[in-house]
Amino acid sequence: MIQARRRLNRTAIFLVLALIAVVMLFPFAFMALIANQSYDQYLAGSGFSLDSWRQLFDTIPVLQELLNSAIVTAGAVLIILVVSSMGGFAFAKLGYPGGSVVFLLLLAGMMVPVQSIVIPEFVNVSQLGLINQYPGAILVYAALGAPFATYLMTTYYRGVPTELMEASLMDGASYLQIFVRVILPLSVPAIVTITVLQFIQIWDDLLIGLLFLQTPDVRTITVGLATLQSGRMVNVPVLMAGSLASALPAIIVYLIFQRHLVRGLTMGIGK
Amino acid sequence: MILLELGLLGLPILQTFYYSFTDWNGQTSSWIGLDNYARLFNDSTFWQVLGNNALLLASIPIAIVIPLAVAFLLNEHVTGWRFFRSAYFLPTAISWVVIGIVGIRFFAAEGILNGVLRTVGLGGVQTDLLSSEVGAMVAVIITFIWSVFGTNTIIFITGMATLDREVYEAAHVDGAGAWATLVHVTLPMLRRFIQFAFILTLITAFTALFSLIFVMTSGGPGFGTTTLEFFVYEKAFATGVFGLAAAIGVVLFVIVFAISITQLRLFRSRAD
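Protein chains in written order, with this note's numbering: chain A, 19 to 289; chain B, -13 to 258.
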């Protein structure tokens, strides 16, 4: 009797969860479905073709924009990794005069909303002549992502036993040698987490790209897509093909590194 | 590293404060004291924008309670729960631009929502949400709740995984029913995770919806879906009043900073 009720309960829970999964996955199914229809097929509501993909490549320079996204994202993530791993190491293990003040500034940096600084940032970068240049956007993304990444790294390094470092110090290794030979190999999990987190954030961003990379030859796929959406004549299947093209890299990264994404998210709670 | 942060984060925030007291067109600026703030606080649009932010704020409890309930269900570990968990979290990987683009097709007059309503015989309640100020805000809020759902569910699932089994057994021995266990054991122990999800959602609502609003409604109709962060962009890059936009940026910064400080306080007091 109790067993039967329990089974019923579990079936009910399963059905509720499945229903929610449908709601969450629906947009992706919609994208995949409509992207593989031509405009006429979309209007008729049946049939499939690769017509919209062809048209997408004719309408916007998809490959160039994907490449731009890749360059900007890779550049910024690389800087963030270098800065946050060294910074985190310094905060957690080296302890230098004024370090706690700098760390507080870093925490404050995490709280600055992009929109609050984007105007002077734009003016500064344009005075440097870096608008519509990769380095301008890369530096801005790096500056925005580095505080949180450094915070994560610091938390991570605090968990690494100091004895490891001291042993190498005894052996006469320099701090740089210790960092490269002892600390970095230990930080692979944290580095992967930060990479995944920042990759998705920067790849998906619109605002910085919109302002700092305006011309079609340098703009990112997200900006290209937003432009496509705001066009006068919107061809929905072409738009869905574009949406898929822009989302696929992030989805792939998500599917492979899901666990790291979750870890990065919940690391903020602290233990 | 310090150079990077000071130059690209520290300097601009100081500039924002400075320029908020000036009449600034992006090149030349002249000191006008508190004029921008006076202008802003006398502008009915500004209050409407703040009202929109308040609406988003009011929707956050929904964005917390639904994931919390679902996390409880997921925690029963029925068949396929791992798949469901991943499916719910997937929108986290997608840009707000893509979410917004699909959002429009969903809520449009000839969109999916109305199609579904027609199919189930509810053709009479068809709506054209995006064409009215309140309706568009509702559409934005629903999309927002949809897309933070996975993140919050994951936070709660993580929290539940850390709970001690023994406490439950003790509660069971003491004769606590399912409801009493939930209210007196589970929820208090999840407090830290609920706080975290709440603040994360709050900050998302205030600072991450730019792209969603940009593609979904462009802040309209009227100023129906313009929030503070979108207002900054509009005033600066559409209207060209950079000084006033800087003042809005300061207001946004002060709000987000206050929220974050509260968060730090809360966590610190819990940790001690």
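All C-beta atoms, glycine included, are put in the ideal place defined by N, C-alpha and C. Note that this is a predicted model, so its numbers are computed, not measured.
Where residue i meets chain B, residues with beta-carbon distance less than 8 angstroms
| i | result |
| --- | --- |
| Phe32 (chain A) | Val64, Thr65, Gly66 |
| Ala265 (chain A) | Ala79, Ile80, Ser81, Val84 |
| Gln151 (chain A) | Those do not exist, as Gln151 (chain A) stays about 15 angstroms from chain B at its closest Cβ, beyond 8 angstroms. |
| Met42 (chain A) | Ala73, Tyr74, Leu76, Pro77, Trp132, Phe135, Gly136 |
| Val280 (chain A) | Phe75, Ile140, Thr144 |
Cβ-Cβ distance between residue i and residue j below 8 angstroms
| i | j | result |
| --- | --- | --- |
| Leu43 (chain A) | Gly260 (chain A) | no |
| Ala291 (chain A) | Leu170 (chain A) | Because residue 291 (chain A) is not part of the residues shown, which for chain A are 19 to 289, the question remains open. |
| Ile131 (chain B) | Ile48 (chain B) | yes |
| Leu99 (chain B) | Thr203 (chain B) | no |
| Ile98 (chain A) | Ala160 (chain A) | yes |
| Ala57 (chain B) | Phe142 (chain B) | yes |
| Leu238 (chain B) | Phe192 (chain B) | yes |
| Ser30 (chain B) | Thr240 (chain A) | no |
| Val34 (chain A) | Leu60 (chain B) | no |
| Phe109 (chain A) | Thr180 (chain A) | no |
| Ala222 (chain B) | Phe228 (chain B) | yes |
| Val130 (chain A) | Leu214 (chain B) | no |
| Phe32 (chain A) | Gly66 (chain B) | yes |
| Thr2 (chain B) | Pro138 (chain A) | yes |
| Val240 (chain B) | Ala231 (chain B) | no |
| Thr78 (chain B) | Thr137 (chain B) | yes |
| Ser205 (chain A) | Ser103 (chain A) | yes |
| Phe243 (chain B) | Ile46 (chain B) | no |
| Leu225 (chain A) | Phe196 (chain B) | yes |
| Phe230 (chain A) | Val143 (chain A) | yes |
| Ala263 (chain A) | Val80 (chain A) | yes |
| Phe32 (chain B) | Gly19 (chain B) | no |
| Ile85 (chain B) | Leu198 (chain B) | yes |
Contacts of residue i in chain B (Cβ-Cβ under 9 angstroms)
| i | result |
| --- | --- |
| Asp222 (chain A) | Ala79, Ile80, Ser81, Trp82, Val83, Val84, Ser197 |
| Asn142 (chain A) | Gly(-7), Leu(-6), Leu(-3), Pro(-2), Gln1 |
| Gln73 (chain A) | Correct list: empty, because the minimum Cβ distance to chain B is about 16 angstroms. |
| Phe48 (chain A) | Val88, Arg91, Phe92, Ile98 |
| Leu243 (chain A) | Ser81, Val83, Val84, Ile87, Val201 |
| Ile269 (chain A) | Leu76, Ala79, Ile80 |
In DSSP terms, what residue i is bridged to
| i | result |
| --- | --- |
| Asp9 (chain B) | B:Ser16 |
Terminal residues of the alpha helix (DSSP H) in which residue i lies
| i | result |
| --- | --- |
| Arg28 (chain A) | 20 to 53 |
| Pro267 (chain A) | 254 to 285 |
| Ile89 (chain A) | 80 to 107 |
| Gly63 (chain A) | Element bounds for Gly63 (chain A): n/a, residue is neither H nor E. |
| Arg71 (chain B) | 67 to 75 |
| Arg199 (chain A) | No alpha helix (DSSP H) contains Arg199 (chain A), which DSSP labels as neither H nor E. |
| Tyr23 (chain B) | 21 to 27 |
| Ile149 (chain A) | Looking at the DSSP string, Ile149 (chain A) is not in any alpha helix (DSSP H), and its letter there is neither H nor E. |
| Leu99 (chain B) | 98 to 105 |
| Val56 (chain B) | 30 to 60 |
| Met123 (chain B) | 119 to 147 |
| Leu(-5) (chain B) | Counting along the chain, Leu(-5) (chain B) falls outside any alpha helix (DSSP H), and DSSP gives it neither H nor E. |
Contact set between residue i and chain A, taken where Cβ atoms lie within less than 8 angstroms
| i | result |
| --- | --- |
| Leu60 (chain B) | Leu35 |
| Phe70 (chain B) | Leu35, Ala36, Ile38, Ala39 |
| Leu115 (chain B) | By Cβ distance, chain A contributes nothing, its closest Cβ being about 17 angstroms from Leu115 (chain B), past 8 angstroms. |
| Tyr219 (chain B) | Gln133, Val136, Leu225 |
| Gly206 (chain B) | Near Gly206 (chain B) there are no residues of chain A at all, since even the closest Cβ is about 13 angstroms away, more than 8 angstroms. |
Cross-chain neighbours of residue i in chain A, by beta carbon under 9 angstroms
| i | result |
| --- | --- |
| Phe227 (chain B) | The sequence given here places Val at residue 227 (chain B); Phe does not occur at that position. Those within 9 angstroms of Val227 (chain B) in chain A number zero; the least Cβ separation is about 11 angstroms. |
| Val35 (chain B) | Ordered by position in chain A, no residue passes the 9 angstroms Cβ test against Val35 (chain B), which lies about 12 angstroms from the chain. |
Exposed unless 16 or more other CB atoms sit within 10 angstroms - verdict on residue i
| i | result |
| --- | --- |
| Asp189 (chain A) | exposed |
| Ala50 (chain A) | exposed |
| Trp10 (chain B) | buried |
| Glu155 (chain B) | exposed |
| Ser89 (chain B) | Strictly speaking, residue 89 (chain B) in this sequence is Gly, with Ser absent from that position. Gly89 (chain B) comes out buried. |
| His63 (chain B) | exposed |
| Pro203 (chain A) | exposed |
| Asn38 (chain B) | buried |
| Tyr5 (chain B) | buried |
| Ser258 (chain A) | Ser is not the amino acid found at residue 258 (chain A); the sequence shown has Met there. Met258 (chain A) should be labelled buried. |
| Pro115 (chain A) | exposed |
| Tyr272 (chain A) | buried |
| Thr91 (chain A) | buried |
| Ala257 (chain B) | Note that Ala257 (chain B) has pLDDT 49, beneath the 50 cutoff, so the model's placement of it is unreliable and the number below is only indicative. Per the 10 Å Cβ criterion, exposed. |
| Phe66 (chain A) | exposed |
| Glu152 (chain B) | exposed |
| Gly205 (chain B) | buried |
Contact list for residue i against chain B, beta-carbon separation under 7 angstroms
| i | result |
| --- | --- |
| Leu170 (chain A) | The premise fails here: Leu170 (chain A) is roughly 15 angstroms from chain B at the closest Cβ pair, so nothing lies under 7 angstroms. |
| Tyr114 (chain A) | In chain order: nothing, as chain B lies at least about 12 angstroms away. |
Proximal chain A residues relative to residue i, where beta-carbon distance stays under 7 angstroms
| i | result |
| --- | --- |
| Ala164 (chain B) | Per Cβ cutoff of 7 angstroms: no residues; Ala164 (chain B) is ~11 angstroms from chain A at best. |
| Ser246 (chain B) | Met129 |
| Tyr23 (chain B) | Result: empty, since nearest Cβ-Cβ is about 15 angstroms, beyond 7 angstroms. |
| Tyr5 (chain B) | Pro138 |
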